[in-house]
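Enquirer: Numbering of the sequence shown is given in our numbering, commencing with residue 98 and proceeding in unit increments. Backbone N, C-alpha and C define an ideal beta-carbon position, used for all residues, glycine too.
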Amino acid sequence: MRATFEATLAATAAGTPEDCALFQAAREAAISEWRVMGSGAHVSTISNMAVRPHRVLSVLAYWSRYSKLAARWAARFSPRAATVIVGHSHRASISHLEGRCIVNTGAYGFPGVPHAIVIDGSTVKMCRIEQAGAYYQIATKPRAEWKISFAKGSANVARTNATDGVAQSPPMGFASAATMNRAATPNASPSSDAL
98 MRATFEATLA ATAAGTPEDC ALFQAAREAA ISEWRVMGSG AHVSTISNMA VRPHRVLSVL
158 AYWSRYSKLA ARWAARFSPR AATVIVGHSH RASISHLEGR CIVNTGAYGF PGVPHAIVID
218 GSTVKMCRIE QAGAYYQIAT KPRAEWKISF AKGSANVART NATDGVAQSP PMGFASAATM
278 NRAATPNASP SSDAL
């Protein structure tokens, strides 16, 4: 995965926005993992993790770093974001780091408990997704809710350029590229997973 990520990044055309290059490299790295695993890919279960205790330790170590990684990503690419929504690490959580609320929605697979984010006016709600027969529904009572805001300290921060002493605004992050946001493309079709 790492080699694919680095090779894709190195092969990126000059002038490509950094967020596009990183997204494409991460995508190619993820695809390469499944190509290597092929039919050997598996779903984690209590049984196969019990047989391989090192996997449990790896997962726990990753979970302990996940929110910090998301907070650092936001500080670099979206410094004004006070809420960062991530998922798929199977562990739903809410962490408050570096003036941000890092929300992990979890996952449907073991050992996850899936959650949805509902934006209602200026309020963000994290709600559990519950199975109701053959279907899923969003729980009526949110697990947590908070107001949408900017990250603390990001709105009026100025830094001084060491060479000329001129105050500068903090970086505003990169705009999402169309390749990262299907809905932003003119010929976007509805997502089949949203139907």
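So for residue 146, helix, strand or coil by DSSP?
Expert: Looking at residue 146 - three-state DSSP - the assignment turns out to be helix.
Enquirer: For the candidate residues 188, 129 and 231, whose alpha-carbon lies nearest to that of residue 41?
Expert: Shown here, the chain extends from 98 to 292; a query on residue 41 therefore has no answer.
Enquirer: Determine the burial state of residue 152: buried for a count of at least 16 other Cβ atoms within 10 Å of its Cβ, exposed for fewer.
Expert: Its Cβ having fewer than 16 others within 10 Å, residue 152 is exposed.
Enquirer: Could you check what DSSP says for residue 185 in three-state terms: helix, strand or coil?
Expert: DSSP places residue 185 in coil when its eight states are reduced to three.
Enquirer: Please state whether the Cβ-Cβ distance between residue 213 and residue 223 is less than 9 angstroms.
Expert: Against a cut-off of 9 angstroms, the Cβ pair of residue 223 and residue 213 comes out as a contact.
Enquirer: Rounded to whole angstroms, what's the CA-CA distance from residue 112 to residue 148? Just pull it up for me.
Expert: If you take the alpha carbons of residue 112 and residue 148, they lie about 48 angstroms apart.
Enquirer: According to DSSP, is residue 222 part of a helix, a strand, or is it coil?
Expert: Reduced to three states, the DSSP call for residue 222 is strand.
Enquirer: Give the straight-line distance between the Cα atoms of residue 211 and residue 103, rounded to the nearest whole angstrom.
Expert: In a straight line, the C-alpha of residue 211 is about 32 angstroms away from that of residue 103.
Enquirer: Starting from the C-beta of residue 192, find all residues in its chain whose C-beta is less than 7 angstroms away, skip the five residues before and the five after it, and write them out in chain order.
Expert: So the list reads 164 and 199, once near-sequence residues are dropped.
Enquirer: Assuming contact is defined by CB atoms lying nearer than 9 angstroms, are residue 203 and residue 218 in contact in what I supplied?
Expert: It is not a contact, given that the beta carbons lie outside the stated cut-off.
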